[in-house]
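Engineer: Please find one structure pasted underneath; my questions will follow.
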Amino acid sequence: MSKANELFPSIGFAADKADLLPEKDHEIDESNADDTDDRPTQEIESLCMKCGEQGVTRMLLTSIPFFREVIVISFRCEHCGATNNEIQSASTIRPEGTIYTARIVSRSDLNRQIVRSESCEIVVPEYELTLPPSTRGQLTTVEGLIRDVIADLSMDQPLRRIQDEDSYTKIQALIDKLKDVIGDEEDKDVHVGKTSQKDHIPLTPFTLKLDDPAGNSFIEFVNNMADPKWNMRTYPRTLKQNVALGLVAPPKENNEGALQAVKGGDEELGGGEAGTDGEIFVFNGPCSSCGHPIDTMMKKVNIPYFKDVIIMSINCDHCGYRDNEVKSGSAISEKGKRITLKVEDREDLSRDILKSETSGITIPEIDLVLQHGTLGGRFTTLEGILNQVYEELSEKVLQAGDSLTVGDRKSFEEFLKGLKEVKNVERPFTLILDDPLANSYVQNLYAPDPDPNMTIELYDRTWEQNEELGLHGMKVENYKEDEEKEERS
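Heads up: the sequence shown at position 460 corresponds to 460 in full-length UniProt numbering, and the numbers run straight through without jumps.
What follows is the structure in structure tokens.
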């Protein structure tokens, strides 16, 4: 068992382990103190905020299948009977928010487990019911959630009936609908919570949505993630949500305009007319990581013995997010280009490389094939792009965790070992850049003479490549005449 599984065993494993313990597990004999290590929960004496006496807080470190690691916390005071339960996430905050949607169509769906974090908003559209984020996390079921709503709404109903009869009537109508979902009123002899014994009671279908910007909430699916009544989608957090979660600081009030052009000095950028290589354009927009307004800088650069390109750069001072992208600044090439470079020593690692967003990378010696569009557009060195490929692939292995079989993990480790040898030039290898738009470039160390270690091949694009690039439907000449014909017709 891995260290993560030792610290956070599955919730089913923890429940089975708890069944083997004595009924009053909080009464620990000093002679058997060593047995506490085998207990699934940890117990801590805590002050009861209701009566001031000492209570007991129990903590369970567990993992919920197909979700993540959580900490379940339960407090109970034997003196006054006060209880409190809470659940907290034990993993890193997700990079995106999540929305879980479950369609509740039968009484068995009421048994679906729910993990609700303190930042989660719950919506039931059919009943126009919205539960705002709470002050604490909660581990419950759909039925348990509805019972909590009924209890909360019913608490002040006697007072509302006297002070505001209209509000009382509307809220009571909602309470009655929720009680129909639970089914207790129509089957009083059935023990509370025994949903399986109430299957004969009709249930009006409804939808349950969990919207959590932190991504720490979850609703159980049935059988597998292909459950037709269950859906999950992610979305990028807004700046307001990032600020509410405490991930970033609030923006300053004096934000600048949306678009401006900044011209560099003649001695720094070479000056020139509008649209020349000496002009930097600055576009204001939101950071894709934290949502703060930042500047995207764009500049046209001429690469010797190649063509004009446009470099776009982002650097966020708030969260540290950085990115750069390169796009062609010239017309679409009539042919594709395939560049083959024989790498023999570390000097080749310093070669400049422009990889466009349509270019693919192949290294036959280690069976590395990156499809067209992988990694986007990059203007870097050969060493830089190999390091980026290694980091991206090694990170995916770590994220896969125990989902990989022993054979797959061993094969991938061998592949990463070969990739590491290649990026350190511990053995010669071949780099192939195949770009159907011919917008990629590898520096020629012998320019303007031919490079003996590099070959460049131009080829005709296939029909499928032109279709994928959207070139078949592109018309750049006489398009005004076609518009006039359409207007006359």
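A virtual CB, placed ideally from N, CA and C, is assigned to each residue, including glycine.
(1) Measuring alpha carbon to alpha carbon, tell me which of 387, 95, 322 and 217 ends up nearest residue 137.
(2) Would you call the stretch 440-460 and the stretch 287-307 touching, i.e. three or more CB-CB distances under 8 angstroms?
(3) Any contact of the stretch 99-106 with the stretch 200-217, i.e. 3+ C-beta pairs under 8 angstroms?
(4) Taking 9 angstroms as the threshold (C-beta atoms), are residue 53 and residue 62 in contact?
(5) Could you say which of 204, 55, 145 and 84 lies nearest to residue 219 if we only look at CA atoms?
(6) Does residue 75 come out as helix, strand or coil in the three-state DSSP assignment?
(7) If you check the beta carbons only, do residue 122 and residue 135 fall under 9 angstroms apart?
(8) Could you give the first and the last residue of the continuous alpha helix (DSSP H) run that contains residue 365?
(9) Looking at C-alpha atoms only, which residue of 230, 250, 297 and 420 is the closest neighbour of residue 383?
(10) Should the stretch 282-296 be called in touch with the stretch 420-429, which here means at least 3 C-beta pairs below 8 angstroms?
(11) Taking its Cβ as the centre, do 16 or more other Cβ atoms sit within 10 Å of residue 242, making it buried, or is it exposed?
(12) Tell me the rounded alpha-carbon separation between residue 390 and residue 381.
(13) Helix, strand or coil for residue 157? Go by DSSP, reduced to three states.
(14) Determine the direct distance from the alpha carbon of residue 156 to that of residue 164, and round the result to whole angstroms.
(15) Using the DSSP secondary-structure output, state which residues sit across from residue 102 in a beta bridge.
(16) Pull up the distance between the alpha-carbon of residue 94 and that of residue 288, whole angstroms please.
(17) What is the DSSP secondary structure of residue 190, reduced to helix, strand or coil?
(18) Less than 9 angstroms between the beta carbons of residue 74 and residue 92, yes or no?
(19) Since I believe residue 110 is in contact with residue 149 (beta carbons under 8 angstroms), could you give me their beta-carbon distance rounded to a whole number of angstroms?
(20) At what residues does the alpha helix (DSSP H) containing residue 409 begin and finish?
(21) Which whole-angstrom value is the C-beta distance of residue 180 and residue 204, which I expect to be below 8 angstroms?
(22) Who are residue 301's beta bridge partners in DSSP?
(23) DSSP beta-bridge partners for residue 346?
(24) Would residue 373 be called buried (16 or more neighbouring beta carbons within 10 Å of its own) or exposed?
(25) Taking its Cβ as the centre, do 16 or more other Cβ atoms sit within 10 Å of residue 41, making it buried, or is it exposed?
(26) Name, in chain order, the residues that DSSP records as bridge partners for residue 285.
(27) If you drop the 5 nearest sequence neighbours on each side, which residues of the same chain put their C-beta closer than 7 angstroms to that of residue 178?
(28) May I ask you to report which of helix, strand or coil DSSP gives residue 29?
(29) Is DSSP giving residue 134 helix, strand or coil here?
(30) Going by CA-CA distance only, name the one from 460, 457, 387 and 413 that's closest to residue 349.
(31) Locate the beta strand (DSSP E) running through residue 178, then write down its first and last residues.
(32) Look at the alpha carbon of residue 71 and the alpha carbon of residue 50, and state the distance between them as a whole number of angstroms.
(33) Measuring CA to CA, which of 358, 471 and 248 is closest to residue 320?
(34) In chain order, which beta strand (DSSP E) runs of at least 3 residues are fully inside the stretch 369-400?
(35) Going by DSSP in three states, residue 468 sits in which element: helix, strand or coil?
(36) For residue 409 versus residue 324, is the C-beta spacing smaller than 9 angstroms?
Structural biologist: Working from what's here:
(1) 217
(2) yes
(3) yes
(4) no
(5) 145
(6) strand
(7) no
(8) No alpha helix (DSSP H) contains residue 365, which DSSP labels as neither H nor E.
(9) 420
(10) no
(11) buried
(12) 14 angstroms
(13) helix
(14) 11 angstroms
(15) 208 and 230
(16) 14 angstroms
(17) Low per-residue confidence applies at residue 190: pLDDT is 42, beneath 50, and the placement is therefore not dependable, though the value from the model is reported in the following sentence. If DSSP states are grouped into helix, strand and coil, residue 190 belongs with coil.
(18) no
(19) Contact doesn't hold; Cβ gap of about 13 angstroms is too wide.
(20) 406-423
(21) 7 angstroms
(22) 309
(23) Its beta-bridge partners do not exist; DSSP assigns none.
(24) exposed
(25) buried
(26) 294
(27) 146, 149 and 150
(28) Confidence at residue 29 is low in this model, with a pLDDT of 46, below 50, so its placement is unreliable and the value that follows should be read with caution. In this structure, residue 29 counts as coil in the three-state DSSP scheme.
(29) coil
(30) 387
(31) Here residue 178 belongs to no beta strand (DSSP E); instead the alpha helix (DSSP H) covers 165-182.
(32) 24 angstroms
(33) 248
(34) 378-381
(35) helix
(36) no
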